[in-house]
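Undergrad:
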Amino acid sequence: MEAFNYLVRARGEHPPAPLELTGAAQAERAAAFHAGLPGYAPTPLVSLPGLARKLGVAQVWVKDESERFGLNAFKALGGSYAMARCLADRLGRPLEELGYAGLCAPEAREKLGRLTFVTATDGNHGRGVAWSARMLGHRAVVYMPRGSAQERLENIRAQGAQAEITEYNYDDTVRLASRQAQEHGWTLVQDTAWPGYEEIPAHIMQGYTTLAREIAAQLEGERPTHLFLQAGVGSFAGAVLGYFAGLWGEERPVTAVVEPDKADCHYRSALADDGKLRFVTGDMDSMMAGLCCGEPCTISWEILNAYADAFLSVGDFYSAAGMRLLGRPEPGDRRIVSGESGAVGAGVLAGIMQEERLDGLRRALGLDECARVLLISTEGDTDRENYRRVLGL
Ligand SMILES: Cc1ncc(COP(=O)(O)O)c(C=O)c1O
574 MEAFNYLVRA RGEHPPAPLE LTGAAQAERA AAFHAGLPGY APTPLVSLPG LARKLGVAQV
634 WVKDESERFG LNAFKALGGS YAMARCLADR LGRPLEELGY AGLCAPEARE KLGRLTFVTA
694 TDGNHGRGVA WSARMLGHRA VVYMPRGSAQ ERLENIRAQG AQAEITEYNY DDTVRLASRQ
754 AQEHGWTLVQ DTAWPGYEEI PAHIMQGYTT LAREIAAQLE GERPTHLFLQ AGVGSFAGAV
814 LGYFAGLWGE ERPVTAVVEP DKADCHYRSA LADDGKLRFV TGDMDSMMAG LCCGEPCTIS
874 WEILNAYADA FLSVGDFYSA AGMRLLGRPE PGDRRIVSGE SGAVGAGVLA GIMQEERLDG
934 LRRALGLDEC ARVLLISTEG DTDRENYRRV LGL
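If you count by the working numbering, then the sequence shown holds residues 574 to 966, one letter each, in order.
(1) Rank G822, E727, L749 by C-alpha distance to the C-alpha of A590 and give the top, closest one.
(2) Is it true that the CB of W759 sits closer than 8 Å to the CB of Q732?
(3) What's the call for D834, buried or exposed, on a 16-neighbour Cβ count within 10 Å?
(4) Should A919 go down as buried or exposed, given a rule of 16 or more other Cβ atoms within 10 Å for buried?
(5) Threshold first: 4 residues or longer. Then list the alpha helix (DSSP H) segments lying entirely within the region 574-619, N to C.
(6) Report buried or exposed for T595, applying the criterion of at least 16 other Cβ atoms within 10 angstroms of its Cβ.
(7) Under DSSP, the beta strand (DSSP E) around L1020 begins and ends at which residues?
(8) At 4 residues or longer, what runs of the alpha helix (DSSP H) sit wholly inside the region 693-777?
(9) Might you give, ordered along the chain, the residues of its own chain that have their beta carbon closer than 6 Å to the beta carbon of R907, omitting 5 neighbours on each side?
(10) Following the continuous beta strand (DSSP E) through A829, name the residue where it begins and the one where it ends.
(11) Could you spell out where the beta strand (DSSP E) holding F801 opens and where it closes?
(12) Are W874 and L844 closer than 8 Å when you measure CB to CB?
(13) Per the contact definition of three or more C-beta pairs closer than 8 Å, is the region 749-756 in contact with the region 661-681?
(14) For G665, count neighbouring Cβ atoms within 10 angstroms of its own Cβ and tell me buried if that reaches 16, exposed if not.
(15) Would the region 761-777 count as touching the region 865-880 if we require 3 or more Cβ pairs under 8 Å?
(16) Is V806 near ligand 1 - that is, is its Cβ less than 7 Å away from at least one heavy atom of it?
(17) Go through its chain and collect everything with a Cβ distance to F884's Cβ below 6 Å, but skip five positions before and after it.
(18) Helix, strand or coil for A812? Go by DSSP, reduced to three states.
(19) At which residue ranges does the region 834-866 contain complete alpha helix (DSSP H) runs of 4 or more residues, listed in the order of the chain?
(20) Comparing the CB of T951 with every heavy atom of ligand 1, is any distance shorter than 7 Å?
(21) Would you mind working out which of G675, V714, Q735 sits nearest G609, comparing C-alpha positions?
(22) Round the Cβ separation of A986 and T782 to the nearest angstrom and send it over; I've been treating them as touching at under 8 Å.
(23) With three or more beta-carbon pairs closer than 8 Å as the criterion, would you say the region 690-702 touches the region 736-750?
(24) Under the three-state reduction of DSSP, which class applies to F890: helix, strand or coil?
(25) Out of curiosity, what's the CA-to-CA distance linking M861 and T951?
(26) Within this structure, are the beta carbons of E575 and F890 separated by less than 8 Å?
(27) Could you tell me whether any non-hydrogen atom of ligand 1 is closer than 7 Å to the CB of S914?
(28) Sort E737, F817, A879, L898 by Cα distance to P718 and report the nearest one.
Pasting the structure below:
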């Protein structure tokens, strides 16, 4: 039987958390910066009526992040904004005044010199950091966990970064990047927070709110009833849920956080529910590489713990099912190329609607023929070999 564990919470079971971090004011600042970046355009929000019919819900929307800046994933939204905020700080001027053009102006370049940004990544975040460093005229050093796909490494190198695959798992690779930053005086741009390292991850989360803000505009007044958010360290899920909780309050969609069963640190932390985070260690052997993180981001956890309605821990089967559902559309639906970490929400939705053993979960979430479900395909085929294998191409 394919792994599928879940925990559903009653609304209001946990006290609300502050939402300023990902609120409208911060989201607007991030969006204004992104709008000035070369190649910026909102990614499509695609309605899939054929899939909705097949699964027995009223509506399915998929935000397709494969088109983001030509990088095949949403991640550059975070890295670029955090790096820009950091450069503006060094220049002693607000980013609102400088914008992308101001950061690249000759006076700014001269004052800043050539800085080095360092990070650890499963692939997408590092590619975003490498791209941002190149766009802003600085240097990037990127470390990847053992087992990372060669294609993902090459994509980072293609942006001019120095990149290598280490012998460590994801969380230990983060510690390596942090040590390297300290030793060499580099700036660590990590997409996860821990006690004492919160400012840059907060800016990264604010960068992610741009996609949530785009969705709100693209919905043209409609509101989803359900939302599936995949989590690695949880910064993405926390940013999106935080933005929607601020925007819609109690009218926000019923939101499920989805993780691979091999890296389900949020699910385990929610299950324990004693105020302490639970880590997953060792090799997290899932093809959902972007979600193979064993230690939750501390600042996004505050939001997820307060506002998420369910935590799901699922096997790779659901990711593969989602990749196929989106990659081989129903007649009339648009095809979405969705990679391992991007497609799991679609696979999970199908599982909940179609598997008898998940009837209880379907009822607890209120997923029925009136449901209007929002999914975010956070990456395209970032590992093409595996994509072809899963789709049988
Ligand atoms: C494609 C994709 N989706 C989702 C995530 C999850 O983001 P987070 O680690 O902030 O939870 C990642 C993280 O790398 C990713 O690459």
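Idealized CB from N, CA, C, for every residue including glycine. Bear in mind the structure is a predicted one, so any value in this text is a computation, not a measurement.
TA: To lay it out plainly:
(1) On the sequence shown, position 17 is the one that residue 590 refers to. Taking only the C-alpha atoms, the option nearest A590 is G822.
(2) Residue numbering aside, residue 732 sits at position 159 when the sequence shown is read from its first letter. Residue numbering aside, residue 759 sits at position 186 when the sequence shown is read from its first letter. Not closer than 8 Å, so no.
(3) Here residue 834 refers to the residue found at position 261 when the sequence shown is read from its first residue. So D834 counts as buried.
(4) For the purposes of this step, residue 919 is identified with residue 346 of the sequence shown, where counting begins at 1. Classification for A919: buried.
(5) The qualifying runs are 597-608.
(6) The residue labelled residue 595 in the question sits at position 22 within the sequence shown. Counting C-beta atoms within 10 angstroms of its own C-beta, T595 has 16 or more neighbours from the protein chains shown and is therefore classed as buried.
(7) Shown here, the chain extends from 574 to 966; a query on residue 1020 therefore has no answer.
(8) Listed in chain order, they are 697-709, 723-730, 743-757.
(9) The residue given as residue 907 occupies position 334 in the sequence shown. Listed in chain order, the non-local C-beta contacts of R907 below 6 Å within the same chain comprise V619, local neighbours out to five positions each way being set aside.
(10) Counting from one through the sequence shown, the residue named residue 829 turns up at place 256. 827-833 is the span of the beta strand (DSSP E), which, as asked, contains A829.
(11) On the sequence shown, position 228 is the one that residue 801 refers to. Residues 799-803.
(12) If you number the sequence shown from 1, residue 874 lands on position 301. If you number the sequence shown from 1, residue 844 lands on position 271. Against a cut-off of 8 Å, the Cβ pair of L844 and W874 comes out as no contact.
(13) These segments do not touch.
(14) Locating residue 665 in the sequence shown gives position 92, where the first residue counts as 1. Within 10 angstroms of the beta-carbon of G665 lie fewer than 16 other beta-carbons, which makes it exposed.
(15) Under the three-pair Cβ rule at 8 Å, the region 761-777 counts as touching the region 865-880.
(16) For the purposes of this step, residue 806 is identified with residue 233 of the sequence shown, where counting begins at 1. Result yes, Cβ under 7 Å from ligand 1.
(17) Here residue 884 refers to the residue found at position 311 of the sequence shown. Cβ within range, chain order: L580, V830, H839, Y840, A843.
(18) Within the sequence shown, the letter at position 239 stands for residue 812. It is helical.
(19) Listed in chain order, the complete alpha helix (DSSP H) runs (minimum 4 residues) inside the region 834-866 are 838-845.
(20) Your numbering for residue 951 matches position 378 in the sequence shown. At least one heavy atom of ligand 1 sits closer than 7 Å to the Cβ of T951.
(21) Position 36 of the sequence shown, counted from the start, is the residue given in the question as residue 609. Restricting attention to G675, V714, Q735, the CA atom closest to the CA of G609 is found in G675.
(22) No statement about residue 986 is possible, as the shown extent of the chain runs from 574 to 966 and does not include it.
(23) Taking 8 Å as the limit for Cβ pairs, the verdict is that the region 736-750 does touch the region 690-702.
(24) Translated into positions along the sequence shown, residue 890 becomes position 317. Correct three-state label for F890: helix.
(25) By one-based count along the sequence shown, residue 861 stands at place 288. By one-based count along the sequence shown, residue 951 stands at place 378. A straight line joining the alpha-carbon of M861 with that of T951 spans about 12 Å.
(26) As a first step, residue 575 is located in the sequence shown; it is residue number 2 there, counting from the start. As a first step, residue 890 is located in the sequence shown; it is residue number 317 there, counting from the start. Judged by beta-carbon spacing, F890 lies within the 8 Å limit of E575, meaning their Cβ atoms are closer than that value.
(27) Here residue 914 corresponds to residue number 341 of the sequence shown, with the count starting at 1. Yes, Cβ of S914 sits closer than 7 Å to a heavy atom of ligand 1.
(28) If you number the sequence shown from 1, residue 718 lands on position 145. The candidate whose alpha carbon is nearest that of P718 is E737.
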